[in-house]
Amino acid sequence: MDDLDRLLAESMHSAADRAPSDGGLLNTVHQRSRRYRRRRIATGLSTAAAVLAIGIPFGAARVTPSRSTTEPSTVPVAPVATSAPPTVTAVPSATRSSPRTPSTSSRSSKSSAPVVRLVHGYSAPTFPYTLPSSAGLRAPVASMQDGELIAFFEATELRRHADTTVTVSTRRPVFTTPASVKTVLVRGHSATLRTVDAQPANQLVLFWRESSTR
Amino acid sequence: MTTNESTGFAHDTSTGHLEGFDAFVQVRGRALLRFAYVLSGDAHLAEDLVQEVLARMHRRWDKVTAMHHPEAYVRTAIVRQYLSWRRRRSARESILAEVPEPLGLDEPQQQVLARDQMWQLLTGLPRAQRAVLVLRFYCDLPDDEIAALLGCGESTVRSQASRALARMRKLLGEEGVSGNG
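Protein chains in written order, with the numbering used here: chain A, 1270 to 1483; chain B, 46 to 226.
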């Protein structure tokens, strides 16, 4: 190392002492991370719509900020009993009123046939639709809501980390919160895009009626 | 193997065993900021670089920690982020045609002055050359590791360093800056 090299190294180490303080760095990083997450959520709708390729009367793709605000008020936990590909697993819904253990344990059994882990005395409904497996999406969840069989993905998309829920139902979804409504075209069907102004990110719901024969 | 706490560019994998993103930031945040500051030469840009990289890694930290040396991965991301922020280049980079005249000071002051002048010269270098010099002289990385980090060949690293040093020598020779050697 010659004089210039040594002087350079000394200069750099000396200058490093003038670097900004790391006080508050962690909080700032967390804030920025949350901001990026909200952006990803806002752009997650297209991913959700792409996933919804199943034959159902109604489909709703919901992109929401967090699980606490996204999940439907499902009452019982239900398994998926479908003709789905082997990678699609029966996963009970993660409802707050139901035990968490079955949900957690069944998520790990991805390659086997649907496993029913329910509370005693509960008969599992048979879900008539095939939910396709998709990269970045958690296993599909089936449950009951207001007596109607529903299924939904609660997904954490790997690339953008968006929370995405795709719900299928035999009924038209009912909404209580005010939202701006826009008509869009999905797979040749006229669909409704609802945008609920919510914090920390807007809640987007896209739903449409599929042909009963598909 | 020892860890250089100031530069943090250790070959020790101890930081890889830190559990959790928050612990990593709390323990290594200062070293990352020092590194980013030396790299960028700007305090605000250094903060921005570190925050940006850490924020993007926050939600996939489990994957980062699964790597052999997560801190090296973070630093690599900082370097690449720095090199990719072209839009800020014009605002931060300048070619120094002149170096301040050295004063007839005694030895310690002369050293401080020389270091400041070197820092100014460093600031005027193109980003890629500056990154190579920082990785070589601040982080003490060998050329092969610098090449791997920057995603280029060793010959590119050597040529970048050679050009940068030659340019600095020329300016120093013209202006007569002297260090303690």
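Note that the Cβ used here is the ideal one computed from N, Cα and C, for glycine as well.
The model shown is predicted, which means the values in this text are computed figures rather than measured ones.
Is there contact here, the stretch 66-82 of chain B with the stretch 90-103 of chain B, by at least three beta-carbon pairs under 8 angstroms?
At 8 angstroms Cβ cutoff, the stretches touch.
Going by DSSP, what residue range makes up the beta strand (DSSP E) through Ser1459/A?
First-last of the beta strand (DSSP E) with Ser1459/A: 1458-1465.
For Leu194/B, name the three-state secondary structure that DSSP assigns.
It is helical.
Note down, in chain order, every chain B residue with its Cβ under 9 angstroms from the Cβ of Arg1301/A.
What Arg1301/A touches in chain B: Gln96, Glu97, Leu99, Ala100, Arg101, His103.
DSSP three-state call for Arg104/B: helix, strand or coil?
In the structure shown, Arg104/B sits in coil (DSSP, three-state: anything other than H, G, I, E or B).
In chain B, what lies closer than 7 angstroms to Arg1307/A by C-beta?
Per Cβ cutoff of 7 angstroms: no residues; Arg1307/A is ~12 angstroms from chain B at best.
Under 6 angstroms Cβ to Cβ from Leu178/B, same chain only, skipping five residues before and after it: list those, please.
For Leu178/B, where only same-chain residues beyond five positions count, the Cβ hits under 6 angstroms are Ala209.
Find the residues of chain A that neighbour Trp130/B, judging by a C-beta separation of less than 7 angstroms, and give them in chain order.
Here the premise fails: no neighbours, minimum Cβ distance about 15 angstroms.
Would you check if there are 3 or more beta carbon pairs closer than 8 angstroms linking the stretch 179-195 of chain B to the stretch 117-125 of chain B?
Yes, the stretch 179-195 of chain B is in contact with the stretch 117-125 of chain B.
Nearest-angstrom Cα distance between Gly86/B and Asp1466/A?
Near 42 angstroms, if we compare the C-alpha coordinates of Asp1466/A and Gly86/B.
So which residues on chain B does Glu1279/A lean against when the C-beta distance must stay under 7 angstroms?
Going along chain B in sequence order, the residues near Glu1279/A (Cβ under 7 angstroms) are Arg160.
Distance cutoff 8 angstroms, beta carbons only. Does Arg172/B sit that close to anything in chain A?
For Arg172/B, the answer is no, since every Cβ of chain A falls outside 8 angstroms of its Cβ.
Using a C-beta to C-beta distance shorter than 7 angstroms, which residues of chain B count as neighbours of Ser1283/A?
Ordered by position in chain B, the residues that pass the 7 angstroms Cβ test against Ser1283/A are Arg160.
Please report the distance separating the alpha-carbon of Pro1442/A from that of Arg1307/A.
Their Cα atoms are separated by approximately 25 angstroms.
For Lys1451/A, which residues does DSSP report across the bridge?
Paired residues: Leu1462/A.
Quick one: using the 10 Å Cβ neighbour count with 16 as the cut-off for buried, is Leu1454/A buried or exposed?
Leu1454/A should be labelled exposed.
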